[in-house]
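**Student:**
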Amino acid sequence: MLIDTKGLLCPLPVIRLQEFARQVETETEVIVIATDPGVLEDIPTWCRVNGHEHIKSEQLNHEFHVTIKALPQVELARDQEPN
Amino acid sequence: MRALSRQPSAIALISGGLDSMLAAKVVQSQGVYVEGVNFFTGFCVEGHTQAVRRSKKQKVKRHSALWCAEQIGIPMQIVDISEEYKDIVIQPQYGYGRLLNPCLDCKIFMVNRALDLKSNRGEPFDFVITGEVVGQRPKSQRKETMGIIAKDSGAHDRLLRPLCAKNLPPSLPEREGWVDREKLHGFSGRSRKPQFALAKELGITEWSQPAGGCCFLTDESYTKKLQDLWNARGSKEYDLEDVILLKIGRHIRPAPHFKLIIGREEGENQYLRGFRHKFAHMSTVSHVGPLCLIDGELSAEERVLASRILARYSRGRAEPEVTVCITDQSGVSEEVVVEPIQPHMVPDEWSLAS
Numbered sequence: 025m026l027i028d029t030k031g032l033l034c035p036l037p038v039i040r041l042q043e044f045a046r047q048v049e050t051e052t053e054v055i056v057i058a059t060d061p062g063v064l065e066d067i068p069t070w071c072r073v074n075g076h077e078h079i080k081s082e083q084l085n086h087e088f089h090v091t092i093k094a095l096p097q098v099e100l101a102r103d104q105e106p107n
Numbered sequence: 073m074r075a076l077s078r079q080p081s082a083i084a085l086i087s088g089g090l091d092s093m094l095a096a097k098v099v100q101s102q103g104v105y106v107e108g109v110n111f112f113t114g115f116c117v118e119g120h121t122q123a124v125r126r127s128k129k130q131k132v133k134r135h136s137a138l139w140c141a142e143q144i145g146i147p148m149q150i151v152d153i154s155e156e157y158k159d160i161v162i163q164p165q166y167g168y169g170r171l172l173n174p175c176l177d178c179k180i181f182m183v184n185r186a187l188d189l190k191s192n193r194g195e196p197f198d199f200v201i202t203g204e205v206v207g208q209r210p211k212s213q214r215k216e217t218m219g220i221i222a223k224d225s226g227a228h229d230r231l232l233r234p235l236c237a238k239n240l241p242p243s244l245p246e247r248e249g250w251v252d253r254e255k256l257h258g259f260s261g262r263s264r265k266p267q268f269a270l271a272k273e274l275g276i277t278e279w280s281q282p283a284g285g286c287c288f289l290t291d292e293s294y295t296k297k298l299q300d301l302w303n304a305r306g307s308k309e310y311d312l313e314d315v316i317l318l319k320i321g322r323h324i325r326p327a328p329h330f331k332l333i334i335g336r337e338e339g340e341n342q343y344l345r346g347f348r349h350k351f352a353h354m355s356t357v358s359h360v361g362p363l364c365l366i367d368g369e370l371s372a373e374e375r376v377l378a379s380r381i382l383a384r385y386s387r388g389r390a391e392p393e394v395t396v397c398i399t400d401q402s403g404v405s406e407e408v409v410v411e412p413i414q415p416h417m418v419p420d421e422w423s424l425a426s
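Spelled out as structure tokens, the structure:
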């Protein structure tokens with residue numbers, strides 16, 4: 025799955041990713057393409073705080089490609105249950 | 073006590089500053105399940121110019137609220153309210169603060185929206201947390217406004233302000249024993265010392281301190297440009313592109329019907345290039361210089377004036393002649409040779425602050 029956020033400034037690329045991730049029903053690999061270098065910091069942080077998995081970040085010319093594995097809501101909820 | 077069969081849950085408004093971070097942490101440390109939310113209004117100081125300007129390239133570009141969430145270990149969502157937020161900016165029920173900041177309406181709106189959110193567990197939250205402190209802000213954080221926010225947002229006693237709770241009537245989470253009121257705080261006034269002491273106690277050593285706050289509507293230079301935009305349009309309309317463009321470049325209005333937006337450095341020039349399809353634009357040909365967007369229709373005489381202004385910001389500013397290429401919105405270009413305008417010929421009132 026590709027999410028094209030070229031031309032958008034942070035935090036909008038994160039918001040677009042979040043909107044998609046909330047809909048996934050199975051583990052889904054997502055590549056966010058952006059022109060704002062802020063995604064290199066913000067998307068991995070967003071993954072860490074919300075339980076998704078950041079796979080890699082690359083710069084290709086003037087674009088930034090951030091690959092993550094989005095986990096379905098039900099799995100996140102299980103992970104966040106209190107002990 | 074209204075016993076819950078599960079761990080109580082709360083949603084904390086996280087701005088990226090210290091107070092909201094402390095408020096969330098104080099409640100989390102009492103065993104409540106806390107998630108954070110940060111609202112994107114379009115006017116957030118986060119991102120935008122700091123991402124665009126190359127001069128800040130060495131600075132770490134991070135979203136402060138996300139960073140805060142990670143520091144205190146809570147999940148966080150960022151919610152785009154930029155479209156609905158227009159009503160708040162254009163016609164705030166409780167008016168503006170010192171500039172165009174509708175702080176009280178803004179807080180009411182955000183608390184209301186937070187109430188509607190669901191947690192990562194797919195459940196509604198039991199209550200809302202904010203980092204407000206009685207007496208800290210002249211417009212929105214006064215004892216009288218605390219009740220207004222709780223009532224108008226619809227949260228009523230499901231709104232907990234952990235940093236000043238002891239100065240307020242007990243909220244539902246306190247009365248029900250979901251949190252221990254004795255472990256909350258009674259901060260008041262503008263002093264930041266109690267917050268710094270609490271941060272130290274909680275092991276928080278770093279936090280974001282955006283100059284002028286986290287909202288451009290409290291920034292004098294920005295609001296001058298926003299007010300100018302509204303005056304020029306004859307109404308308080310705006311869209312997200314307007315909001316972003318106001319953060320970028322020098323804005324110069326030589327006449328009521330046109331404005332020039334001139335890039336201040338390469339990062340801004342690059343960003344402004346993305347708007348060439350929407351605006352007539354100019355650049356210097358004979359010398360290195362910035363890109364300029366033209367907002368409005370220019371007469372032949374005004375095209376020369378605009379070119380002279382642009383030439384002033386090029387490397388040819390001290391030369392007798394600079395060649396400027398003007399391209400209209402249909403893509404038709406024309407070159408003009410002009411003498412760069414001298415600084416004393418540019419009245420201060422043309423400048424809408426940079």
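First to last, the protein sequences are chains A and B.
Residues 25 to 107 in the numbering used here are what the first sequence spells out, letter by letter.
Residues 73 to 426 in the numbering used here are what the second sequence spells out, letter by letter.
Cβ atoms here follow ideal geometry from the backbone N, Cα and C, with glycine treated the same way.
Values in this document were obtained by computation on a predicted structure and should not be read as measured data.
Against chain B, which members of the segment 32-50 of chain A pass a CB distance test of less than 8 angstroms?
**Tutor:** Leu33, Cys34, Pro35, Leu36, Val38, Ile39, Gln42
**Student:** Output yes if chain A places a C-beta closer than 8 angstroms to the C-beta of Trp422 (chain B); else output no.
**Tutor:** no
**Student:** With the cut-off set at 8 angstroms, would you say Ala82 (chain B) and Val205 (chain B) are in Cβ contact?
**Tutor:** no
**Student:** Compare the C-alpha of Leu85 (chain B) against each of B:Asp188, B:Val104, B:Gly108, B:Leu94 and name the closest.
**Tutor:** B:Gly108
**Student:** With DSSP as the reference, label Asp97 (chain A) as helix, strand or coil.
**Tutor:** Before going further, note that residue 97 (chain A) is Gln rather than Asp in the sequence given. If DSSP states are grouped into helix, strand and coil, Gln97 (chain A) belongs with the helices.
**Student:** Would you say the beta carbon of Glu407 (chain B) is closer than 7 angstroms to some non-hydrogen atom of the ligand COA?
**Tutor:** Looking at this structure, you won't find the ligand COA or any other ligand, since it has none at all.
**Student:** Going along the chain, which residues of the segment 64-98 of chain A sit with their C-beta nearer than 9 angstroms to a C-beta in chain B?
**Tutor:** Leu64, Glu65, Asp66, Thr69, Trp70, Arg72, Val73, Asn74, Gly75, His86, Gln97, Val98
**Student:** What residues of chain A sit near Leu138 (chain B), judged by a beta carbon separation below 7 angstroms?
**Tutor:** Asp66, Thr69, Trp70, Val73
**Student:** In this structure, how does DSSP classify His120 (chain B) when only helix, strand and coil are distinguished?
**Tutor:** Residue placement at His120 (chain B) is flagged as unreliable, the pLDDT there being 49, under the threshold of 50; the coordinate-derived value follows with that caveat. Reduced to three states, the DSSP call for His120 (chain B) is coil.
**Student:** Between His257 (chain B) and the rest of its own chain, which residues show a CB-CB distance below 8 angstroms, the 5 nearest in sequence each way excluded?
**Tutor:** Val98, Pro234, Leu235, Cys236, Ala237, Lys238, Pro266, Leu270
**Student:** Enumerate in chain order the residues of its own chain whose CB-to-CB distance from Gly388 (chain B) is below 8 angstroms, with the five nearest sequence positions on each side excluded.
**Tutor:** Thr356, Ser358, His359, Gly361, Val394, Pro412
**Student:** Compare the Cα-Cα distances from Gln42 (chain A) to each of A:Thr59, A:Ile79, A:Asp66 and report the closest residue.
**Tutor:** Considering only alpha carbons, the answer is A:Asp66.
**Student:** Please report the residue range of the alpha helix (DSSP H) in which Pro326 (chain B) lies.
**Tutor:** Here Pro326 (chain B) belongs to no alpha helix (DSSP H); instead the beta strand (DSSP E) covers 322-327.
**Student:** Interface residues of chain A around Asn192 (chain B) at Cβ under 8 angstroms?
**Tutor:** Asn74, Gly75, Gln97, Leu100, Ala101, Gln104
**Student:** From B:Gly103, B:Thr277, B:Pro419, B:Asp177, pick the residue whose C-alpha is nearest to that of Ser225 (chain B); which is it?
**Tutor:** Selection B:Gly103, B:Thr277, B:Pro419, B:Asp177 evaluated against Ser225 (chain B) yields B:Asp177 as nearest (Cα-Cα).
**Student:** Under a Cβ-count criterion, where at least 16 other Cβ atoms within 10 Å of its own Cβ denotes burial, should Thr59 (chain A) be classed as buried or exposed?
**Tutor:** Buried.
**Student:** Check each candidate in B:Pro196, B:Val409, B:Ile180 and name the one with the smallest Cα separation from Cys397 (chain B).
**Tutor:** Cα-wise, what sits closest to Cys397 (chain B) is B:Val409.
**Student:** Does the pairing of the segment 167-186 of chain B with the segment 327-338 of chain B give three or more beta-carbon distances under 8 angstroms?
**Tutor:** no
**Student:** So with CB distances below 9 angstroms, who are the chain A contacts of His135 (chain B)?
**Tutor:** Cys34, Pro35, Val38, Gly62, Glu65, Asp66, Thr69, Trp70
**Student:** Taking the alpha-carbon positions, what's the Val73 (chain A) to Pro147 (chain B) distance?
**Tutor:** 5 angstroms
**Student:** With a threshold of 8 angstroms between beta carbons, is Glu142 (chain B) in contact with chain A?
**Tutor:** yes
**Student:** Are Glu53 (chain A) and Lys80 (chain A) touching if we call contact CB-CB under 8 angstroms?
**Tutor:** no
**Student:** Please state if the CB of Gly346 (chain B) and the CB of Gly75 (chain A) are separated by a distance shorter than 8 angstroms.
**Tutor:** no
**Student:** Using the DSSP secondary-structure output, state which residues sit across from Ser355 (chain B) in a beta bridge.
**Tutor:** B:Leu363, B:Cys397
**Student:** Does any residue of chain A bring its CB to less than 8 angstroms from the CB of Asp152 (chain B)?
**Tutor:** yes
**Student:** Going straight from the alpha carbon of Ile229 (chain B) to that of Gln208 (chain B), what length do you get?
**Tutor:** The residue you asked about is not Ile; residue 229 (chain B) is Asp in the sequence shown. About 21 angstroms.
**Student:** Taking the straight line between their C-alpha atoms, what separation do you get for Glu87 (chain A) and Pro245 (chain B)?
**Tutor:** 47 angstroms
**Student:** Less than 8 angstroms between the CB atoms is what I'm expecting for Leu301 (chain B) and Tyr310 (chain B), so what's the real figure, rounded?
**Tutor:** 7 angstroms
**Student:** Can we say the segment 412-421 of chain B touches the segment 371-386 of chain B, given the rule of at least three CB pairs closer than 8 angstroms?
**Tutor:** yes
**Student:** Hey, Cys433 (chain B) and Cys287 (chain B) are a contact pair by Cβ (cut 8 angstroms); roughly how many whole angstroms apart?
**Tutor:** Absent from the model: residue 433 (chain B). The displayed extent of chain B is 73 to 426, so no value can be given.
**Student:** Any beta carbon of chain A sitting closer than 8 angstroms to that of Gly346 (chain B)?
**Tutor:** Closer than 8 angstroms: yes.
**Student:** Tell me where the alpha helix (DSSP H) around Thr295 (chain B) begins and ends.
**Tutor:** 292-305
**Student:** Does the beta carbon of Phe115 (chain B) come closer than 8 angstroms to any beta carbon on chain A?
**Tutor:** no
**Student:** Hey, could you find the ends of the beta strand (DSSP E) Met148 (chain B) is sitting in?
**Tutor:** 148-152
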